[in-house]
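Protein chains in written order, with UniProt numbering: chain A, 1 to 361; chain B, 1 to 361.
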């Protein structure tokens with residue numbers, strides 16, 4: 001079957017040239033007579049792949065030298081727990097900003113270890129907006145301030161880095177990393193599961209300002225200790241080598257396409273096209289997010305009549321538009337339009353939506 | 001380049017038919033027009049893959065119904081830490097049997113959480129033997145007894161399941177799972193990183209007797225809690241879907257080839273062939289492990305003169321025999337001959353070793 005346009009929220013669509021390269025060298029990588037899946041992570045061949053992936057990510061999103069970069073197994077949820085273990089004392093105050101489902105998950109993970117304070121929440125609006133940073137109540141004794149830059153389910157996004165007055169800012173960028181230029185130096189820690197904007201499922205990226213690694217944190221096993229992972233160059237144990245390699249191919253593809261500046265332009269055009277189609281549908285489709293908090297990455301929308309949902313999903317699938325069903329928390333529809341979603345995919349979706357509205361309006 | 005015989009200790013060689021299938025469907029899986037890497041873990045398509053992989057693993061190694069099976073990100077080292085968090089009270093005694101590098105690693109991970117006792121060790125022999133179970137000193141108040149069924153670096157293996165007199169036995173089977181029939185009902189927990197005998201790097205398997213999940217364990221984040229993972233069917237967060245899928249292809253391949261009984265026969269023949277070549281080399285090669293503790297999976301060996309090591313490695317590589325360099329802890333050579341290593345590969349190695357000895361003897 002020809003490739004479809006896949007709007008899955010994550011695991012998500014990958015660049016076709018990346019998949020083609022991975023396919024072509026799956027049984028024989030780099031003339032070794034073996035797959036890159038099959039070779040030692042500590043051999044010089046994979047070590048070069050790992051180092052190149054880190055160098056390319058550093059170039060791609062302009063990571064300063066005083067930040068360590070980790071490529072680890074486990075996703076963002078694991079990172080959410082380990083952040084408290086590594087960067088806060090037992091029972092210490094930590095500030096959490098709640099802007100949707102995933103920031104609530106992040107807070108839940110740390111409850112056994114710290115004293116989480118809710119610095120701000122937009123839950124009373126059904127997470128249809130983000131709490132403006134000017135409204136955040138920060139604790140002077142907090143170890144850090146955590147927020148979720150983009151909420152995959154609720155489709156809200158902070159479009160600027162919040163000013164937290166010198167506190168260590170920790171950002172979950174799972175669904176928006178590398179989608180636009182970002183001043184990494186504003187952060188204590190940035191983390192992301194790779195399976196949305198960075199590539200394959202099964203590996204996560206942490207970007208940690210090195211001075212935070214001097215914090216003693218809490219009693220923990222070495223394998224849960226980011227200091228040990230930094231010392232071990234993400235190879236404290238066998239890393240998810242193939243996933244890391246595939247992420248590296250995505251980084252290289254993004255650089256070759258023009259880097260984050262180019263993807264920021266593409267992503268802005270894609271989001272504008274889709275929101276215009278929704279807003280201009282005369283109420284057939286609607287997005288409920290406050291205008292200034294609309295996500296460029298995940299666009300939840302509803303049909304004016306839920307009875308049409310099943311037809312929308314089956315007809316869109318037949319039209320080669322995959323995975324538009326909304327998350328069960330919200331219902332409705334959702335289109336995830338990460339870096340690897342081509343503009344042609346969003347155009348095809350918009351064309352389908354217009355056609356569907358005409359036929360069912 | 002044609003495929004070589006790859007003796008890597010892990011990540012390790014995979015069955016060629018599995019890699020061929022993965023390659024052929026990498027861009028379009030199951031007629032979806034998308035890769036299995038790109039689709040939702042919660043969609044019906046991947047859920048079927050996940051369920052089939054579990055069913056096939058249950059059939060392959062005869063897992064009783066009162067055991068839960070988890071497929072998780074992170075490797076065995078992560079499991080080693082979480083085992084203490086999940087199955088022991090804070091500071092509780094736990095018994096560890098030390099038979100090599102990896103059992104020492106397992107013990108190191110739990111020190112922050114419990115009171116580990118060394119029930120037995122063969123360190124005084126340089127881990128050239130395993131401590132016989134009759135010599136183990138078990139603590140009556142221990143939460144569990146942990147041992148490492150096969151030591152990848154030292155090349156020693158327990159060939160029978162130890163009798164621990166009703167204690168909860170936890171076995172690290174990372175490098176020998178599914179290599180021969182095993183009575184799973186003798187265990188409280190079996191765990192394994194998949195990248196040796198079960199398939200791809202990036203996913204680990206835990207087999208947990210369900211009554212152990214009733215233990216309260218220690219304060220921990222939900223993402224570090226095996227009860228939550230069991231409730232969430234290994235999808236508490238986004239799992240490493242592609243790695244899980246590839247492991248499933250390996251399970252299916254093993255069943256089609258005749259199951260663990262057949263692999264036990266092949267593995268016994270492979271190990272016998274290689275050890276005979278070493279023992280019959282008139283001292284040109286030597287393996288230092290006590291006869292009854294020799295691993296069927298990882299065969300470390302030394303040349304009679306270390307000055308020949310570089311020539312052995314370069315000539316074996318030129319002969320299509322990859323990754324024979326020993327682990328840095330021991331030096332020398334090591335051949336890992338897991339399930340996916342064909343008998344022809346071991347024959348080619350033995351032929352090369354004989355030829356090398358003649359030319360350099």
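Glycine residues also receive a C-beta, built at the ideal position from the N, C-alpha and C atoms.
Given the structure is predicted, the values throughout are model-derived calculations rather than measurements.
Determine the closest residue to residue 293 of chain B out of B:225, B:128 and B:198, with distance taken between C-alpha atoms.
B:128
Expressed to the nearest angstrom, what Euclidean distance is found between the alpha-carbon atoms of residue 318 of chain A and residue 334 of chain A?
17 Å
Count Cβ pairs between the region 214 to 222 of chain A and the region 176 to 195 of chain A that sit closer than 8 Å; are there 3 or more?
no
Backbone secondary structure at residue 104 of chain B - three-state DSSP
helix
Output the residue ranges of the beta strand (DSSP E) runs that lie fully inside the region 54 to 105 of chain A and measure 3 residues or longer, sorted by chain position.
67 to 72 and 93 to 98
Against chain B, with Cβ distances strictly below 8 Å, would residue 1 of chain A count as a contact?
yes
Closest to residue 93 of chain A by CA distance: which of A:118, A:51 and A:79 is it?
A:118
At a CB-CB cut-off below 9 Å, which residues of chain B make contact with residue 213 of chain A?
By Cβ distance, chain B contributes nothing, its closest Cβ being about 18 Å from residue 213 of chain A, past 9 Å.
Determine the direct distance from the alpha carbon of residue 111 of chain B to that of residue 299 of chain B, and round the result to whole angstroms.
30 Å
Exposed or buried, what is residue 137 of chain A when buried is set at 16 or more other beta-carbons lying within 10 Å of its beta-carbon?
exposed
Listed from N- to C-terminal order along the chain, which residues in the region 183 to 212 of chain B have their beta-carbon within a distance smaller than 7 Å of any beta-carbon of chain A?
193, 195, 200, 201 and 202
In terms of alpha-carbon separation, which member of A:30, A:19 and A:29 lies closest to residue 25 of chain B?
A:19
So, is the C-beta of residue 108 of chain A closer than 8 Å to a C-beta in chain B?
yes
Residue span of the alpha helix (DSSP H) that contains residue 355 of chain B, given as start and end
343 to 360
Range of the contiguous alpha helix (DSSP H) that encloses residue 259 of chain B:
259 to 279
Can you find a C-beta in chain A that's less than 8 Å from the C-beta of residue 83 of chain B?
no
So residue 229 of chain A is in the alpha helix (DSSP H); what residue range does that whole segment cover?
226 to 231
Alpha carbons only, please: which of B:69, B:355, B:21 and B:2 is nearest the one belonging to residue 206 of chain B?
B:69
Enumerated in chain order, which unbroken segments of the beta strand (DSSP E) with a length of 3 residues or greater are wholly contained in the region 139 to 172 of chain B?
145 to 148 and 169 to 172
At the level of alpha carbons, what is the spacing between residue 277 of chain A and residue 222 of chain B?
40 Å
With DSSP collapsed to three states, give me the class of residue 313 of chain A.
helix
Residues of its chain near residue 275 of chain B, where Cβ-Cβ distance is below 8 Å and the 5 sequence neighbours each way are ignored
287, 294 and 299
How is the alpha helix (DSSP H) around residue 26 of chain B delimited, first residue to last?
Here residue 26 of chain B belongs to no alpha helix (DSSP H), and DSSP marks it neither H nor E.
Give me the chain B residues within the contact set of residue 321 of chain A, using Cβ-Cβ distance strictly less than 8 Å, ordered along the chain.
Ordered by position in chain B, no residue passes the 8 Å Cβ test against residue 321 of chain A, which lies about 10 Å from the chain.
Using the rule of at least 16 other Cβ atoms within 10 Å of the residue's Cβ for burial, across every protein chain shown, is residue 240 of chain B buried or exposed?
buried
The beta strand (DSSP E) spanning residue 333 of chain A covers which residue range?
333 to 336
In whole angstroms, what separates the C-alpha of residue 243 of chain A from that of residue 253 of chain A?
15 Å
Consult DSSP for residue 321 of chain A and reduce its assignment to one of helix, strand or coil.
strand
With DSSP as the reference, label residue 112 of chain A as helix, strand or coil.
coil
Starting from residue 209 of chain A, follow the beta strand (DSSP E) in both directions and report where the run begins and ends.
204 to 209
According to a CB-to-CB cut-off of less than 8 Å, which residues of the region 32 to 56 of chain A neighbour chain D?
The chain inventory of the structure shown lacks chain D, comprising the protein chains A and B.
Report the CB separation of residue 41 of chain A from residue 235 of chain A in whole angstroms; it is logged as a contact under 8 Å.
6 Å
Under 8 Å between C-beta atoms, does residue 6 of chain A make it to chain B?
yes
Should the region 143 to 160 of chain B be regarded as contacting the region 80 to 95 of chain B, the criterion being three or more beta carbon pairs within less than 8 Å?
yes
I'd like to know if the region 150 to 163 of chain B and the region 315 to 330 of chain B are in contact, where contact means that at least 3 CB-CB pairs between them fall below 8 Å.
yes
Three or more C-beta pairs under 8 Å: does that hold for the region 102 to 111 of chain B against the region 49 to 62 of chain B?
no
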